[in-house]
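Mind the numbering: the sequence shown is residues 1 to 356 in UniProt numbering, read in order. Quick reminder that beta carbons are idealized off the backbone N, C-alpha and C, glycines included. Computed from a predicted structure; not experimentally measured.
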Amino acid sequence: MNKAKYTQEVPEDRRDILTILENHKKPVKIMILGGVDSGKTTLATFLANELLSLGFRVAIIDSDIGQKGILPPATISLGFPDGLFESFGDIKAYKHYFVGSITPNQFFGEMIAGVKLLTEEAEKKSDVIIIDTTGLISGSGVELKRMKIETVKPDVLIALQRKDELEPILKPFEGKIQIFRLKVSEKARKFSREERKKIRKEKWKEYFKDSRPYTINLNQFIISGTQLFQGEEINENEKSLLETLFKWLIIHGRKIGEKYFVVKVDIANVPRQIDKNVLQYFDFEKLSNILLGLIDKEGFCLGLGILKFINFKELKAEILTPLDEEIMKEVREIRFGRIRVREDGEELGLLDRNGL
C-alpha cells in the first residue's frame, strides 16, 4: 500500500548527507524536493530511520497529498516516529491539516499554510524535521515550491534531479539555504497513473473501513470551504423565476453580493445560456460523497468524513467518518473538500475549486 520502504541500500551521497545532518545545529529543518517517483519518500524514510538510530528526535511532515504514506490522503500530516519504521504508513499522525484534494493545483494556500503550521508544531519537540513534498515541480509548481520555501525557511534543501529540472526552484535560494543536489537513484521505480490511483484506493478504504454514520446539525458548526451557506437565502420569487427560466428544480439557493448560487436538478433537457458572473449552479447529485475535513478549535484536522446527504430545509447532514463520538465532540468546523470519494475507496472525481 506504500510505494517507499526503508532500505539501507542507498547511493553513497545519501550517507554523506546523513553525516552532515548528524553534525548540523539542531533543530534542523530539511525539505526534500523532486519530481514524481524520484525517491523523495524513500530518502526521507532512510534519513529518518538513521537519525532515529543515532538518538535524535525526528519529525516527519508528509505533504504529498496524493500519495500520502501517513493516512489519510488529502491532508498534510505530522508524525513523530518513536522507533524504526518500514514506511510512512507505520507512523501514527500527531496532527493533520486539511487540504481537501489529492492535487495541489488550486490549493496553494492550503499547501503552504499546512506545512508552515505543522512545522511550527514539529519545532516544539524534535531535533530534525523532514518535510516530504509533492512531485509538482514545473509550471505553477515552481511558484508553489518557492513560496513554500520562503514561508517555512528550511535550513537544508535536498534536491533529487534526473537532469536539472529543479534549477528554476533552487536558483533563488543559492547562498541563502544549504542545498544538496542528488541524482535520482537508478532503483527509483516509476508508477503509472493507474497504479497511483490503485494505491490511493487502498488507502481510502483502509482509512474509512470502520466508519459510522452521523446526523449532524449544521447550525452547530462553522461551515467553510464552500459557498453553500454564504450570503442570503433567495426568496420564493427569485427561486420561481430561475426555475422557470432554466427548467430546474432548485433545492437550495443563495444570493452572494450580486451573484446567485444555486443547487439544482434538471427537469428538462434544454439548451441553457448562463452568465457565470451572475449565476453559478451546482448539481444536487454531486453533493454526495464529497470529502469533508472535521476541524478542531485550533484549525487542525481531527479526521475526514464523507458527506452523504444534506437536508437544506432542516440544515442537517448525513456523514460517514471513522471518528468516535468523543472526538466528534471536539469538532468545531466542517470544511468542504474538492474530491468525491466513496468509503470503499473509489474516487468519483475532482471538483473545481470555485465550483462549490
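What does the alpha-carbon distance come out to for the pair residue i and residue j?
i: Ile274; j: Thr226; result: 21 Å
i: Gly35; j: Glu50; result: 24 Å
i: Val265; j: Lys255; result: 18 Å
i: Leu307; j: His24; result: 46 Å
i: Val128; j: Thr41; result: 16 Å
i: Leu279; j: Lys171; result: 44 Å
i: Tyr281; j: Val262; result: 5 Å
i: Leu292; j: Glu298; result: 17 Å
i: Leu228; j: Ser77; result: 28 Å
i: Asn277; j: Asn217; result: 32 Å
i: Lys68; j: Ile60; result: 12 Å
i: Leu182; j: Ala159; result: 6 Å
i: Arg353; j: Gln106; result: 6 Å
i: Glu195; j: Glu236; result: 49 Å
i: Lys148; j: Glu167; result: 16 Å
i: Leu21; j: Phe46; result: 13 Å
i: Arg193; j: Arg338; result: 19 Å
i: Gln220; j: Lys316; result: 10 Å
i: Glu285; j: Ile137; result: 35 Å
i: Gly141; j: Ser126; result: 29 Å
i: Lys209; j: Glu343; result: 7 Å
i: Gly55; j: Arg14; result: 19 Å
i: Gly175; j: Ile169; result: 14 Å
i: Lys205; j: Ile65; result: 16 Å
i: Leu245; j: Asn269; result: 13 Å
i: Pro213; j: Thr321; result: 7 Å
i: Ser87; j: Thr7; result: 10 Å
i: Leu18; j: Ile91; result: 21 Å
Name the two residues that bound the continuous alpha helix (DSSP H) containing residue i.
i: Ala48; result: 40 to 53
i: Asp16; result: 12 to 22
i: Glu326; result: 325 to 328
Keeping to the same chain, check which residues put their C-beta closer than 8 Å to that of residue i; ignore five residues upstream and five downstream.
i: Glu143; result: Phe108
i: Trp248; result: Leu242, Val262, Lys264, Val265, Asp266, Ile267, Tyr281
Span of the beta strand (DSSP E) holding residue i?
i: Ile339; result: 333 to 341
i: Leu78; result: 75 to 79
i: Gly83; result: Counting along the chain, Gly83 falls outside any beta strand (DSSP E), and DSSP gives it neither H nor E.
i: Arg181; result: 178 to 183
i: Gly34; result: 28 to 34
i: Lys95; result: 93 to 98
i: Ile60; result: 58 to 62
Got a sec? Which residues, its chain only, sit under 7 Å from residue i by beta carbon, not counting five neighbours each side?
i: Ala188; result: Asp37, Ser38, Gly39
i: Cys301; result: Thr75, His96, Tyr97, Phe98, Gly293, Leu294, Ile295
i: Phe312; result: Ile251, His252
i: Leu323; result: Leu294, Leu302, Gly303
i: Glu123; result: Pro27, Ile129
i: Leu348; result: Asn289, Arg340, Val341, Arg342
i: Thr215; result: Lys316, Glu318
i: Ile112; result: Met147, Lys148, Thr151
i: Ser211; result: Leu320, Thr321, Pro322, Glu343
i: Ala48; result: Val58, Ile60, Pro81, Ile130
DSSP beta-bridge partners for residue i?
i: Glu347; result: Val341
i: Thr103; result: DSSP, once it has assigned bridges, lists no residue as partnering Thr103.
i: Ile274; result: DSSP, once it has assigned bridges, lists no residue as partnering Ile274.
i: Glu318; result: Thr215, Phe309
i: Phe259; result: It should be noted that the sequence gives Lys, not Phe, for residue 259. The partner list for Lys259 (beta bridge, DSSP) reads Ile256.
i: Gly303; result: Leu294
i: Val265; result: Leu249
i: residue 357; result: Nothing can be reported for residue 357: it is not among the residues displayed for the chain, which extend from 1 to 356.
Leaving out the 5 sequence neighbours to the left and right, which residues in its chain are closer than 6 Å to residue i when beta-carbon positions are compared?
i: Pro72; result: Tyr207, Leu304
i: Ile223; result: Phe229, Ile334
i: Lys201; result: Gly345
i: Val156; result: Ile30, Gln178
i: Gly114; result: Ile76, Tyr97
i: Gly79; result: Ile60, Ile70, Ile91, Ala93, Tyr94
Please confirm whether residue i has its beta-carbon closer than 8 Å to some beta-carbon of chain C.
i: Arg193; result: Among the chains in the structure shown there is no chain C, since it carries only a single protein chain.
field: Sequence ranges, beta strand (DSSP E) only - wholly within the segment 201 to 253, length at least 3
entry: 212 to 217, 222 to 224
- request: Would you list, in sequence order, the uninterrupted beta strand (DSSP E) runs of no fewer than 3 residues that lie entirely inside the segment 117 to 172?
  value: With a minimum length of 3 residues, the continuous beta strand (DSSP E) runs that stay inside the segment 117 to 172 are 128 to 132, 156 to 161.
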